[in-house]
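Colleague:
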Amino acid sequence: DTGVSQNPRHKITKRGQNVTFRCDPISEHNRLYWYRQTLGQGPEFLTYFQNEAQLEKSRLLSDRFSAERPKGSFSTLEIQRTEQGDSAMYLCASSPDRDQPQHFGDGTRLSIL
Amino acid sequence: EDQVTQSPEALRLQEGESSSLNCSYTVSGLRGLFWYRQDPGKGPEFLFTLYSAGEEKEKERLKATLTKKESFLHITAPKPEDSATYLCAVRGYGGSQGNLIFGKGTKLSVKP
C-alpha cells in the first residue's frame, strides 16, 4: 500500500492557461474522488468515479473543469482557461467501495498569477 | 442540506492538558461520520469512522464519540506532535452517493 499519489505537488500558472493534474489511487480501490480545499476551509467535493465511470459532479465543477479515469486506474483533472478563483489545493482520495473511509493524497497546490 | 460545524476554530493547549473538539452535524440519515487529521501542506489523514450513536473509537491519545447530533474528539494528555488541524466529515443517505461533507476544522496547537 503506497498511498494515494498526486502530481505535481505545486503548479504555478498564468491566468487563462490550461492545467492538468494527475492522481494515482491506492491499487484496487474502485472509487476515486476529487476535492478542492481553500485556506481555512474543509475540502469541498468536486466529482467521483467508480472504476472508469464518472458518477457524480458537484455544482462547483464548472464547464472549464473536466476529469477522466480512462482505464479505471489513474485519473486526471484538467482546468481550462484558469481564473484567479481557481487557486486552491486540489485533493484526490480513493476508497475500496462506497462505505469505506476515503484515503487522501497530499494534493496539488495551484497558484494563478 | 447536509451540514457540519466544528468548534472551536482554534485551540491552544499546554502539553498534558486534556480537552475536546466538537463536531455538530445535520444530515438526512447518517451513513458515517469521519475524523481526519491534516498537517500543513498535506492531505487529510484518516483517523476514525463512527456509524451509530453511542459508538466510540480510540487510538493512542485520541478518542472519538458519537451522538445523534454531534461527535467529540477527546485528546488526553496531548503532546506537541498532536498539533494539526482536525477535520470532521459526514456521509448521508440522501442525495450524494459517496462524497463527504466536511467542516472547516479545528486547528490544535500544543505547546511544550
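First to last, the protein sequences are chains A and B. FYI, my numbering numbers position 111 of the first sequence as 111, with every residue one higher than the one before it. FYI, my numbering numbers position 82 of the second sequence as 195, with every residue one higher than the one before it. Even glycine gets a Cβ: it sits at the ideal position worked out from N, Cα and C. Small disclaimer: the values here were computed from a predicted structure and weren't measured.
How far does the beta strand (DSSP E) with A:D24 in it extend, from its first residue to its last?
Modeller: Per DSSP, A:D24 belongs to the beta strand (DSSP E) from 19-24.
Colleague: Does A:T38 pass the burial test, meaning 16 or more other C-beta atoms within 10 Å, or should it be called exposed?
Modeller: With fewer than 16 Cβ atoms within 10 Å of its Cβ, A:T38 is classed as exposed.
Colleague: Output, in chain order, the set of chain A residues within a Cβ distance shorter than 9 Å of B:K172.
Modeller: Here the premise fails: no neighbours, minimum Cβ distance about 13 Å.
Colleague: Are there any heavy atoms of the ligand ZN lying less than 7 Å away from the beta-carbon of A:Q102, as far as the coordinates show?
Modeller: The ligand ZN is absent from the structure shown, which contains no ligand whatsoever.
Colleague: One question on the structure: do B:K182 and B:S133 come within less than 8 Å of each other, judged by their Cβ atoms?
Modeller: Not in contact: B:K182 and B:S133 (Cβ atoms no closer than 8 Å).
Colleague: Identify the contact partners of B:F159 in chain A, using a Cβ-Cβ distance below 9 Å as the criterion.
Modeller: The answer, in chain order, is P101, Q102, H103, F104.
Colleague: Measuring straight from C-alpha to C-alpha, what distance separates A:A93 and A:P25?
Modeller: One C-alpha to the other measures close to 7 Å.
Colleague: With distances taken from CA atoms, which of A:S5, A:Q102, A:D86, A:P70 is nearest A:L110?
Modeller: Ranking A:S5, A:Q102, A:D86, A:P70 by Cα distance to A:L110 puts A:D86 first.
Colleague: Counting only the same chain and skipping the five closest in sequence on each side, list residues whose C-beta sits under 6 Å from that of B:P225.
Modeller: Excluding residues within five positions, the ones whose Cβ falls inside 6 Å are E128, P193.
Colleague: What residues of chain A sit near B:T189, judged by a beta carbon separation below 9 Å?
Modeller: What B:T189 touches in chain A: nothing, since even the nearest Cβ is about 23 Å away.
Colleague: Secondary structure at A:E44, three-state DSSP: helix, strand or coil?
Modeller: Strand, per DSSP.
Colleague: Report all residues from its chain with a CB closer than 7 Å to the CB of A:K14; omit the five preceding and five following residues, and keep chain order.
Modeller: Answer for A:K14: L113, listed in chain order.
Colleague: If you compare alpha carbons, which of B:Y199, B:K155, B:K172, B:G156 is closest to B:Q119?
Modeller: With distances taken between Cα atoms, B:Q119 lies closest to B:Y199.
Colleague: Measure the Cβ-Cβ separation of A:R22 and A:T82 and say whether it is below 8 Å.
Modeller: It is not a contact, given that the beta carbons lie outside the stated cut-off.
Colleague: What is the rounded straight-line gap between the Cα of A:Q80 and the Cα of A:L61?
Modeller: Roughly 12 Å separates the two Cα atoms.
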